[in-house]
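Asks:
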Amino acid sequence: MIIRTSVHQTHFLIPQEDHPQGPESNFRLREQVCVSLIKQCKNLEEFKQAHAQILKFGMFWSSFCANNLVATCALSDWGSMDYASSIFQQINEPGSFAFNHMIRGHVKDMNLEEALLMYDEMLELGVEPDNFTYPTLLKACANLPALEEGMQIHGHSFKLGFEDDVFVQNSLINMYGKCGEIGLSCAVFEKMEQRTVASWSALIAAHANLGLWCECLEIFGEMSREGCWRVEESVLVNVLSACTHLGALDLGRCTQGSLIRNMSGLNVILETTLIDMLAKCGSLDKGLFLFQRMAKKNKMSYSVMISGLAMHGHGREALKVFSEMLEQRLEPDDVVYVGVLIACSHAGLVEEGLQCFERMKSEHGIVPTVQHYGCIVDLLGRAGKLNEAYEFIKNMPMEPNDILWRTLLSACKVHQNVEMGKIAARELFSLNLNNASDYVVMSNMYAQAQMWHEVAKIRKEMVSKGLTQIPGFSLVEVKRKVYKFVSQDKSYPQCQGIYEMIHQMEWQLRFEGYSPDTSQVLLGVDEEERRQRLSSHSQKLAIAFSLIHTSQGSRVRIVKNIRMCSDCHTYTKFISTVYEREIIVRDRNRFHRFKDGSCSCRDYW
DNA sequence: ACGATAGACC
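In this text, residue positions in the first sequence follow UniProt numbering: the first is 1, and each later residue adds one.
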């Protein structure tokens with residue numbers, strides 16, 4: 001029980017007879033005084049004084065005091081790991097408590113390797129790790145990320161009998177998730193006998209990390225069904241993010257509703273995620289409303305608002321928000337600038353975009369990444385400045401990637417410049433990515449130019465390379481459920497009704513002057529077959545389904561994985577008049593809001 | 001003394 005050496009008790013000034021319970025109680029009292037001295041420190045200066053006092057009174061030899069010194073110095077906001085290390089080194093035989101806190105301090109400072117080295121030292125000295133050691137170590141492995149070390153540490157914790165510790169298990173789910181090992185995350189989760197909110201949260205985050213959005217929502221549903229419905233910010237952030245990616249506005253709004261009901265305030269992260277969800281699910285006005293009322297905006301809040309406006313083609317407003325950000329003295333980073341440049345390119349603001357690009361380099365000292373170059377190629381290309389775009393690529397200080405050439409190629413297709421298109425395609429195909437949709441774009445361009453011989457050549461090449469196109473799909477949410485439509489798919493229920501509706505729609509549209517644009521349909525030689533394929537594009541199926549299952553006058557929202565074809569664009573404009581519906585489509589790049597026969601993109605896309 | 005969250009070129 002008495003570990004302290006009796007020698008140091010000679011320092012005590014209080015006479016022993018005043019303490020009927022003996023020297024042990026006296027010592028305890030002094031320890032308490034020291035700890036409260038440490039706890040009162042508000043900065044490193046005060047702390048150093050407390051440290052000096054403790055040394056002076058010989059209380060450093062109390063491991064209780066020494067441990068407290070290390071812990072406080074390592075973990076306080078004002079702390080210093082250098083100073084904590086110097087104290088730590090003075091401890092005669094540090095135990096797991098001191099080691100744990102040193103490890104935590106290093107993790108807090110993001111000196112993750114240092115944390116792992118500390119653990120090595122701990123093992124070498126024969127100090128036995130405890131249940132508090134492993135969660136911290138696993139966090140270090142998660143943030144590095146370091147799978148090998150993580151697995152080793154997993155093994156160690158298992159050997160020491162901590163495999164049933166819920167904190168260790170939660171940390172393991174998190175660590176495997178951050179290392180991209182989703183299977184291992186799930187395996188740990190499955191084996192758990194008791195789960196806490198943190199376990200669910202870590203599992204959802206692991207799926208979000210890999211972009212497995214549907215799974216995120218499924219797990220969230222399961223979590224709620226199991227009665228684990230406590231409102232947890234980190235869970236909701238991932239759920240909202242999943243809604244953003246899937247375009248599930250209703251579910252997102254539903255989540256927002258539960259936020260409002262169950263929380264007294266939203267933190268910046270949650271609020272930013274919510275705004276992002278609203279903007280990217282087609283409810284830009286609501287996102288903007290929340291953004292304007294936000295009490296504390298940071299760089300990220302501005303960033304999501306700028307790219308949200310950009311996606312809707314509101315270039316001028318995006319630039320306004322950007323200058324507001326600068327007025328607030330928030331320093332833009334490279335990602336913010338990507339948003340700004342997209343805003344310019346989608347709104348056709350060529351001069352402004354080029355100016356922003358220069359400003360980014362000169363005023364904010366940001367070295368452009370390949371993404372920024374991509375934005376400029378898009379900016380020039382969309383505006384029909386194809387030669388400039390090509391020159392721009394040639395003068396880049398880095399190797400252009402496939403996306404750049406693809407951007408140029410689609411611009412060539414839009415502006416029907418076959419010669420430049422050939423150049424872009426040559427460069428793109430030389431990268432040997434064997435991306436079927438690249439060949440399709442090229443072939444469509446030839447088809448538009450009526451160069452049938454070339455179309456056939458591309459087609460042959462595709463066959464010989466065994467390339468098949470990833471099918472385009474359209475998602476539509478009806479009554480909080482997301483439905484997926486794939487072109488020409490006839491396998492889903494109610495299929496009959498949808499195709500009847502398609503037939504009816506087309507018949508009505510023709511009265512208004514619509515005629516199908518079959519020039520870009522790659523397959524099917526005869527006109528009838530082409531028309532068939534065109535009319536069963538996934539977007540049209542999704543529209544038909546929505547018109548059947550939603551009430552008259554309500555908005556239709558569709559999310560696509562590819563760019564909209566020009567026929568679907570024209571078609572949807574007609575639908576918006578004939579059926580008096582507002583139809584909002586998020587394609588791969590941006591939003592199109594169809595109303596009264598016209599689209600918000602003003603046919604610039 | 002334990003888990004933890006956001007934005008990006010086609």
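Ideal placement from N, C-alpha and C gives every residue a C-beta, glycine not left out.
1) Just how far apart, CA to CA, sit VAL585 and ALA456?
2) Report the rounded CA-to-CA distance for ASN395 versus ASN434, giving the unit in angstroms.
3) Would you give the residue range spanned by the alpha helix (DSSP H) that TYR579 belongs to?
4) In the DSSP assignment, what are the bridge partners of GLU477?
5) Rounded to a whole number of angstroms, what is the C-alpha to C-alpha distance between LYS320 and HIS346?
6) Alpha carbons only, please: which of ARG530, ALA206 and PHE392 is nearest the one belonging to GLU181?
7) Is LEU117 buried or exposed, if buried means 16 or more other CB atoms sit within 10 Å of its CB?
8) On the DSSP bridge list, what partners appear for ARG557?
9) Just verifying my parser: in three-state terms, what is the DSSP assignment at SER535?
10) Hey, could you find the ends of the alpha helix (DSSP H) HIS592 is sitting in?
11) Could you check whether LEU349 and GLY381 sit closer than 8 Å to each other, using their CB atoms as the reference points?
12) Are PHE88 and THR72 touching if we call contact CB-CB under 8 Å?
13) Around the C-beta of TRP200, are 16 or more other C-beta atoms found within 10 angstroms, so that it is buried, or is it exposed?
14) May I have the straight-line CA-CA distance separating ASN143 from ILE403, to the nearest angstrom?
15) From what residue to what residue does the alpha helix (DSSP H) around ILE366 run?
16) Cβ atoms of ILE393 and GLY339: under 8 Å apart, would you say?
17) With 16 other CB atoms within 10 Å as the buried threshold, where does TYR492 fall?
18) Return the CA-CA distance between VAL7 and PRO94, expressed in angstroms with no decimal places.
19) Roughly how many angstroms separate the alpha carbons of ALA146 and PRO129, rounded to a whole number?
20) Please classify VAL70 as buried or exposed, where buried requires at least 16 other C-beta atoms within 10 Å of its C-beta.
21) Can you check whether the CB of LEU290 is closer than 8 Å to the CB of ILE275?
22) So is PRO471 buried or exposed if we call it buried at 16+ other beta carbons inside 10 Å?
23) Report all residues from its chain with a CB closer than 7 Å to the CB of SER519; omit the five preceding and five following residues, and keep chain order.
24) Within 10 Å of its beta-carbon, does ASP285 have 16 or more other beta-carbons around it, so buried, or fewer, so exposed?
25) Is it a yes or a no for the region 152 to 160 touching the region 189 to 197, going by three-plus beta-carbon pairs under 8 Å?
26) Below 8 Å on the Cβ atoms is my contact criterion, and I expect MET564 with GLN532 to pass it. Report the Cβ-Cβ distance as a whole number of Å.
27) Just tell me which of LEU138, CYS141, PHE158 and LEU217 has its CA closest to the CA of LYS481.
28) Below 8 Å on the Cβ atoms is my contact criterion, and I expect LEU379 with LEU341 to pass it. Report the Cβ-Cβ distance as a whole number of Å.
29) In the region 20 to 87, which residue ranges form an unbroken alpha helix (DSSP H) of at least 4 residues, counting only runs that do not cross its ends?
30) Residues in the same chain with beta-carbon distance under 7 Å from THR255, minus the five sequence neighbours each way, listed in chain order, please.
31) Which residues in the same chain as TYR373 place their Cβ atom closer than 6 Å to its Cβ, once the five residues preceding and following it in sequence are excluded?
32) Out of LEU123, LYS139, VAL556 and HIS503, state which residue places its alpha-carbon closest to the alpha-carbon of LEU160.
33) Do PHE574 and LEU509 come within 8 Å of each other at the CB atom, strictly closer than that value?
34) Do you know offhand how far THR577's Cα is from SER546's?
35) Have a look at the DSSP bridge pairing and note the partners of SER598.
36) Whose C-beta lies closer than 6 Å to the C-beta of ALA66 among residues of the same chain, with five residues either side of it excluded?
Replies: A quick look at the data gives this:
1) 32 Å
2) 26 Å
3) Run containing TYR579: none; DSSP gives neither H nor E here.
4) VAL482
5) 15 Å
6) ALA206
7) exposed
8) ILE584
9) Reduced to three states, the DSSP call for SER535 is helix.
10) Note, HIS592: premise wrong, no alpha helix (DSSP H); beta strand (DSSP E) at 591 to 595.
11) no
12) no
13) buried
14) 30 Å
15) It is not in any alpha helix (DSSP H) - ILE366 carries neither H nor E in the DSSP assignment.
16) no
17) TYR492 comes out exposed.
18) Here VAL7 scores only 32 on pLDDT, less than 50, and its place in the model should not be relied on; the value that follows carries that caveat. Distance between the alpha carbons of VAL7 and PRO94: 20 Å.
19) 20 Å
20) buried
21) yes
22) exposed
23) Same-chain partners within the cutoff: ALA447 and GLN448.
24) exposed
25) With the cut-off at 8 Å, the region 152 to 160 and the region 189 to 197 do not touch.
26) That pair is no contact at about 19 Å.
27) Nearest option by C-alpha distance: LEU217.
28) 7 Å
29) 23 to 39, 44 to 56 and 63 to 75
30) LEU236, VAL239, LEU240 and CYS243
31) Excluding positions up to five away in sequence, the list reads MET396.
32) LEU123
33) yes
34) 16 Å
35) LYS595
36) PHE60 and ILE91
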